[in-house]
Amino acid sequence: MKTIALKPGFSDARLVVPNPFEGVSPDPVPEGIKAATQARDLQTCRACGFASDRFMEVVPRVVPAVVPEDYVTLCRACWLVENLDVAAMNAAGDPIWAPELDQLEINRTMPLLYVQRVSPQGHGRGAIDRVVEIFKERRTEALTRLGGKEGDSFVEVLSKGSTSARPSEAVLDQWDSGFRFWPLDRWIQRAGQHEFNAYPSMIAHWRRRLATDTPGNYGVAAIAQDWLTRLSRTGDNQA
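The opening residue of the sequence shown carries number 85 in my numbering; numbering runs sequentially from there.
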């Protein structure tokens, strides 16, 4: 069983996660082990450091996974970096060309930026909106660099040359230090013939958790301004 790993800089061993599009479902994590793993990790993503008491993944690092030490807590964004086919099929993220930013800082910060965008007193909203606009521009560049043409979706580009739902080796081989994964503010869940976006409930939870964290909110605004400064430097992203 092969992982989809795009060099996010994890300090732990590569995660072994079955691909649901090949008809292989991962064994459910026993509730006791899940709780023990999250408690050990202080409900914090072991990759990027994002903390939340909900909407986190507990996944195996080795197979067979038996005890909590065999598992690790990941945020949704870091899990998606390791499972790009799931991200593409669920409209949960896109590639962007952004060598100025580190993947783990994107994963750690994007949920907080989304919270500020929808908060009545959101701090730094202008800078955040501009960052999102730049990401949209960089998405087009990334898809082109990955061999896509105008109008191609992430799913189409990801599977070019592949005979299955997994990303093609040719595409993954091109993923170098300039490509980043952009976790989007949507997570499409399917129930029978129906689809719904589960992300608003995630944002609502994070908003409640951060409601009294005023210094933290201003810190997020400062990060957005820093990103905007770095992303706006001409010539740096043309390598």
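Note that the Cβ used here is the ideal one computed from N, Cα and C, for glycine as well.
Treat the numbers as computed from the prediction; the structure is a model and nothing was measured.
Bounds of the beta strand (DSSP E) holding proline 144 are 140–144. Per DSSP, reduced to three states, the secondary structure at aspartate 213 is helical. In the structure shown, the three-state DSSP call for glutamate 279 is strand.
When Cβ pairs closer than 8 Å are counted between the two stretches, the stretch 207–218 is seen not to touch the stretch 147–155, the count staying below three. If you look at threonine 157, you'll find it in the beta strand (DSSP E) that goes 155–159. Straight through space, the alpha carbons of proline 114 and leucine 312 are spaced by roughly 42 Å.
Taking aspartate 178 as the centre and dropping the five residues before and after it, the same chain places the C-beta of Arg223, Phe238 and Trp266 closer than 6 Å to its C-beta, in chain order. In the structure shown, glycine 303 falls within a helical segment according to DSSP collapsed to helix, strand and coil.
Looking from the CA of alanine 282, the closest CA among Arg270, Glu221, Pro204 and His289 belongs to Arg270.
Within the model, the alpha-carbon separation for glutamine 309 versus valine 150 is close to 44 Å. At a Cβ-Cβ threshold of 8 Å, cysteine 162 and alanine 119 do not count as neighbours. If you check the CB distance, leucine 242 and alanine 176 do not come in under 8 Å. Secondary structure of proline 152 (DSSP, three-state): helix. In this chain, the beta strand (DSSP E) harbouring arginine 264 covers 263–267. Following the DSSP letters along the chain, one finds proline 195 inside the alpha helix (DSSP H) bounded by residues 187–202. Boundaries for glycine 231: no beta strand (DSSP E) harbours it, and the DSSP string shows neither H nor E there. Contact annotation, histidine 278 with arginine 138: C-beta distance approximately 23 Å; criterion of less than 8 Å not satisfied. Boundaries for glycine 116: no beta strand (DSSP E) harbours it, while the alpha helix (DSSP H) harbouring it runs 115–124, taken from the DSSP string. DSSP lists no beta-bridge partner residue for glycine 208. Distance from the CA of valine 304 to the CA of glutamine 200, rounded to the nearest whole angstrom, comes to 8 Å. Of the candidates Arg293, Gly133 and Val165, the residue whose Cα lies closest to the Cα of threonine 193 is Gly133.
Just measuring C-alpha positions, the residue of Ala123, Val147 and Ala226 sitting nearest serine 136 is Ala123. Bounds of the beta strand (DSSP E) holding aspartate 178 are 177–181. Check the Cα spacing between leucine 126 and each of Leu158, Ile272 and Phe280: the tightest is with Leu158.
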